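Colleague:
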Amino acid sequence: MKKEITLLAISMFLATGINAQQELTVTHTTAGAMEAEINAALGTTGAEEIQTLIINGDANVTYEDCSAIAAKFPTISLKKLDLGTAKFENDSTPGNKEGASTGAFDIKGNGMQVEEVVLPAGLKVIGPRTFRKFSKMKKINLPNTLVKLGEGCFTGCGSLDLEKLPEGLKTIEGYVFYQAYAMKSLEELPAGLEGVLGALSFAQTSVAISYIPEGITEIGSSAFNANTRPVSLTSLTMYEKLAKIGSNAFKNQKMLNDIELNRMTPPETTEDAFTGIELGKVILYIPKGSRAAYEAVAPWNQMDIYDVLEPPTGIENTEITAIGIYPNPVVNTISISVQDAAMIKSIKIIDLAGTVVKNLHPEGTLTFDVSDLVNGMYFLQLNDDTTVKFIKK
130 MKKEITLLAI
140 SMFLATGINA
150 QQELTVTHTT
160 AGAMEAEINA
170 ALGTTGAEEI
180 QTLIINGDAN
190 VTYEDCSAIA
200 AKFPTISLKK
210 LDLGTAKFEN
220 DSTPGNKEGA
230 STGAFDIKGN
240 GMQVEEVVLP
250 AGLKVIGPRT
260 FRKFSKMKKI
270 NLPNTLVKLG
280 EGCFTGCGSL
290 DLEKLPEGLK
300 TIEGYVFYQA
310 YAMKSLEELP
320 AGLEGVLGAL
330 SFAQTSVAIS
340 YIPEGITEIG
350 SSAFNANTRP
360 VSLTSLTMYE
370 KLAKIGSNAF
380 KNQKMLNDIE
390 LNRMTPPETT
400 EDAFTGIELG
410 KVILYIPKGS
420 RAAYEAVAPW
430 NQMDIYDVLE
440 PPTGIENTEI
450 TAIGIYPNPV
460 VNTISISVQD
470 AAMIKSIKII
480 DLAGTVVKNL
490 HPEGTLTFDV
500 SDLVNGMYFL
510 QLNDDTTVKF
520 IKK
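Quick note: the sequence shown uses the numbering used here, first residue 130, plus one each step.
Written out as structure tokens, the structure is:
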């Protein structure tokens with residue numbers, strides 16, 4: 130009789146996909162049918178008995194399938210969600226429904242309570258809010274194939290601390306790690322990041338990054354807003370393509386000591402971008418010849434400025450005493466004074482991006498109309514080898 134009971138138990142495990150370690154495997158064969166497939170795999174076993182859920186099969190896991198998983202396993206009993214052998218359309222986890230503030234695994238405004246999530250190799254995108262408020266999640270593998278983290282995909286993951294992001298990552302949208310309170314081990318962002326670093330993307334974390342990748346063109350509002358979290362940024366390097374820094378981007382990062390900004394002109398920056406920081410104690414390193422531009426605008430002019438970096442455009446920024454330009458700043462016309470005018474064969478006006486914006490012809494005159502130039506700093510290049518800077522107002 131005892132042997133018969135044992136054999137019966139084994140047969141039940143085989144039939145339902147459940148083993149003695151409370152592990153349930155669900156083979157997903159039809160998109161949108163996850164609820165029925167889970168029920169079939171469970172048989173008479175209660176969902177609260179399952180500690181590890183494995184999803185495999187050839188059908189794509191849809192938003193509705195994710196919702197069915199969350200609805201069936203809403204408690205802390207489930208410790209691990211293994212999607213390592215699951216399929217997703219376009220190698221992207223489902224995002225949130227249009228207009229919804231919650232994600233695919235939503236449970237009454239919260240996420241699942243699992244401690245670990247396994248993602249499939251080859252995944253390229255984590256959709257908006259997919260793992261929103263997985264508040265107990267401590268571990269998740271991020272495949273090297275990932276190129277995009279969708280808006281809010283890890284918002285509220287307060288137990289998550291990642292040491293590294295995938296090297297191939299290109300985009301971090303807004304709110305990605307917002308309120309991921311335990312995030313403190315991340316020390317650098319992937320070098321290939323480009324475009325906009327999303328608003329609140331690392332707000333209320335304690336990440337200790339030291340540079341913004343060269344491809345970033347904008348830092349969104351409150352991107353590194355420390356708020357009440359322990360401050361973490363001490364030194365920061367930013368590059369030429371960075372054109373805009375949003376409101377409160379570095380709010381309350383009170384340990385920030387120095388900034389290296391490799392741009393000839395300041396990025397468009399709201400005056401409250403560094404709220405809560407004693408800017409007079411922050412050292413700002415900028416390219417040679419760019420001091421006037423930075424001293425003209427807040428909040429940069431509140432910092433201790435050192436124009437010691439080499440210009441990033443490769444333009445030789447050398448003032449030669451034998452050449453004069455006047456007036457400087459210029460409004461409408463500019464005149465050039467040299468010892469031997471006959472030596473000048475070509476004159477170019479170059480902007481701070483290194484683009485030639487105007488070719489001047491020195492036949493019979495060294496006074497030129499520049500009223501059509503946009504206000505800013507320029508270089509006057511003579512004979513392709515001598516450069517003098519001027520400001521158009």
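Note that beta-carbon positions come from the ideal geometry of N, C-alpha and C, so glycine has one too. Just so it is clear, the structure is predicted and the values come from calculations on it, not from any experiment.
Can you check which of these residues, E302, Y310, A320, T158, is closest to K293 by C-alpha distance?
Modeller: Cα-wise, what sits closest to K293 is A320.
Colleague: Should the stretch 172-189 be called in touch with the stretch 204-218, which here means at least 3 C-beta pairs below 8 Å?
Modeller: With a cut-off of 8 Å, the stretch 204-218 and the stretch 172-189 count as touching, because enough Cβ pairs lie within range.
Colleague: Residues in its own chain within less than 6 Å of S466 by CB, not counting five upstream and five downstream?
Modeller: Excluding residues within five positions, the ones whose Cβ falls inside 6 Å are G453.
Colleague: Given this structure, state the Cα-to-Cα distance separating I345 from F497, to the nearest angstrom.
Modeller: Distance between the alpha carbons of I345 and F497: 37 Å.
Colleague: DSSP three-state call for D387: helix, strand or coil?
Modeller: Strand.
Colleague: If you follow the alpha helix (DSSP H) that Y192 is in, where does it begin and where does it stop?
Modeller: It spans 192-201 - the alpha helix (DSSP H) in which Y192 sits, taken as one unbroken run.
Colleague: For the beta strand (DSSP E) that contains Y435, what are its first and last residues?
Modeller: Counting along the chain, the beta strand (DSSP E) containing Y435 begins and ends at 433-438.
Colleague: Under 8 Å: do the stretch 217-226 and the stretch 246-256 share three or more Cβ pairs, one atom per stretch?
Modeller: Output reads yes: the stretch 246-256 touches the stretch 217-226.
Colleague: Would you check if the distance between the CB atom of Y455 and the CB atom of I478 is smaller than 8 Å?
Modeller: For Y455 and I478, no; Cβs fall outside 8 Å.
Colleague: Going along the chain, which residues of its own chain have a beta-carbon closer than 7 Å to the beta-carbon of E369, five neighbours each way excluded?
Modeller: Counting only Cβ-Cβ distances below 7 Å, and skipping sequence neighbours, we find N391, R392, P441.
Colleague: Can you tell me whether P416 is buried or exposed, with buried defined as 16 or more other CB within 10 angstroms of its CB?
Modeller: Buried, by the Cβ-count rule.
Colleague: Considering just the uninterrupted stretch of the beta strand (DSSP E) at I454, what are its terminal residues?
Modeller: Residues 453-455.
Colleague: Buried or exposed, going by whether 16 or more other CB atoms sit within 10 Å of the CB of H157?
Modeller: Answer is buried; the Cβ neighbour count reaches 16.
Colleague: Rounded to whole angstroms, what is the Cα-Cα separation between A170 and L318?
Modeller: Going by the C-alpha atoms only, they are around 41 Å apart.
Colleague: Might you give, ordered along the chain, the residues of its own chain that have their beta carbon closer than 8 Å to the beta carbon of A372, omitting 5 neighbours on each side?
Modeller: Here the set comprises T346, E347, P396, E397.
Colleague: Flag P342 as yes if its beta-carbon sits less than 8 Å from any beta-carbon of chain B, otherwise no.
Modeller: Looking at the structure shown, chain B is missing, and only one protein chain is on hand.
Colleague: Give the straight-line distance between the Cα atoms of S376 and F283, rounded to the nearest whole angstrom.
Modeller: S376 and F283: Cα-Cα distance of roughly 22 Å.
Colleague: Compute the beta-carbon to beta-carbon distance between A337 and E316, rounded to the nearest angstrom, for a pair I have assumed lies under 8 Å.
Modeller: A337 to E316, Cβ: 5 Å. Contact.
Colleague: Under 6 Å Cβ to Cβ from D387, same chain only, skipping five residues before and after it: list those, please.
Modeller: Excluding sequence neighbours, D387 sits near S364, I412.
Colleague: Count the other CB atoms within 10 Å of the CB of I449; is the residue buried (16 or more) or exposed (fewer)?
Modeller: Since pLDDT at I449 reaches only 37, below the 50 mark, its modelled position is unreliable, and the value read off the structure follows with that caveat. I449 should be labelled exposed.
Colleague: Which runs of the beta strand (DSSP E) fall wholly inside the stretch 298-348 and span at least 3 residues, in chain order?
Modeller: Correct list: 323-326, 344-348.
Colleague: Since T394 and L481 should fall inside the 8 Å C-beta cutoff, what is the C-beta to C-beta distance between them, to a whole number of angstroms?
Modeller: About 5 Å; that satisfies the 8 Å criterion.
Colleague: Report all residues from its chain with a CB closer than 8 Å to the CB of N458; omit the five preceding and five following residues, and keep chain order.
Modeller: The displayed chain sequence assigns Pro, not Asn, to residue 458. For P458, where only same-chain residues beyond five positions count, the Cβ hits under 8 Å are F519, I520, K521, K522.
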